[in-house]
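What follows is a short report on a single structure.
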Amino acid sequence: MLEPKRSAPDDEDGEQATLDLLASGTLEIEGRLVDASNATLYCTIPGGSGGPGGSGGTGSPPRRRGGLGGIVPPDNTACVYKPIAGERPLWDFPMGTLAGREVAAYVVSRAAGWDVVPPTVMRDGPFGPGMCQLWIDHDTDIDLIALSRRTDHAGLRDMAVFDAVVNNADRKIGHLLPVADGHLYGCDHGVCFAEDYKLRTVLWQWRGKTLPRRSLEALRRLNAQLNDGGLEAELSSLLSADEIAATKIRVETLLKHRVHPYPPADWPAVPWPPV
27 MLEPKRSAPD DEDGEQATLD LLASGTLEIE GRLVDASNAT LYCTIPGGSG GPGGSGGTGS
87 PPRRRGGLGG IVPPDNTACV YKPIAGERPL WDFPMGTLAG REVAAYVVSR AAGWDVVPPT
147 VMRDGPFGPG MCQLWIDHDT DIDLIALSRR TDHAGLRDMA VFDAVVNNAD RKIGHLLPVA
207 DGHLYGCDHG VCFAEDYKLR TVLWQWRGKT LPRRSLEALR RLNAQLNDGG LEAELSSLLS
267 ADEIAATKIR VETLLKHRVH PYPPADWPAV PWPPV
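First residue of the sequence shown? That's 27 in our numbering, and the numbers climb one at a time after it.
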């Protein structure tokens, strides 16, 4: 793993600069992540310096609003590129839609203020259109299995609520990306936003528990944006109209009942393998 080097201005401009870089910078393929089920390419984008406050290091985690600081494009930005052409067919998700779902997950995470998904864009690349996501150097000193079982980690609980909203069908332990400053990110959101209830996750420790105030505030922010038209328009190029409608219903249901969901009765509750 590459050692992150941080810079820390607190503004939105840095995040937008990173999104712009991911969308238009030249992708240089360094290798393939062979454990991934779909084509997942590790890339760098050269010449990414010049954001607010200076430059960061390769693969630096984004630091942004909510006390997490502003994202600054590094000198040599590391990212993950998943071309649509490399997606394997799935029986329960339409072909060629996984990249769009990854971008939609970022859009929802950003709108609610959860910030659990690294900056992600849809772009053209060496193997055609696909998603491009900022690489996160997670803290390898953290025991991910122990982390996944915690009940006192606010960021982990945020992720559980986020997963309920996007209907994540594959939240594995290995998809957790804790960074050194304590913030938690997640990756691999290609099998989200199904219309049917398909939540599969290792984060069931809060099932049936009352949602904390911070979760309700995030859900209210998200609900307001889903109903004012702007967020729905942004998602419309990434998801079907029925999938967006189902997302709205999930948010409204969480706000109505104010509890974490229970596992589905007719669907495996935990992905396999869980790690």
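Just so you know, even glycine gets a beta-carbon here, dropped at the ideal spot from N, CA and C.
Predicted model only: the values in this text are computed from it and were never measured.
Please name the residue or residues paired with G156 in a DSSP beta bridge. P109 and R149
Is the separation between the beta-carbon of D165 and that of V106 shorter than 7 angstroms? Taking 7 angstroms as the Cβ cut-off, D165 and V106 do not qualify as a contacting pair.
Find out if the Cβ-Cβ distance for the pair I110, P155 is shorter than 7 angstroms. yes
Can you tell me where the alpha helix (DSSP H) holding E243 begins and where it ends? R239 to N253
Mind checking V191: buried by the 16 CB within 10 Å criterion, or exposed? Result: buried.
For E41, count the other beta carbons within 10 Å of its own beta carbon; 16 or more makes it buried, fewer makes it exposed. Which is it? By the neighbour-count rule (16 or more Cβ atoms within 10 Å), E41 is buried.
From the DSSP output, in three-state form, read off I55 for me. strand
I need the DSSP call for A295, collapsed to helix, strand or coil. coil
Within 10 angstroms of its Cβ, does S263 collect 16 or more other Cβ (buried), or is it exposed? exposed
Does DSSP put T227 in a helix, a strand or coil? strand
Evaluate the contact criterion for the segment 278 to 297 versus the segment 174 to 194: three or more CB pairs, one atom per stretch, below 8 angstroms. yes
Quick check on DSSP: helix, strand or coil for L203? strand
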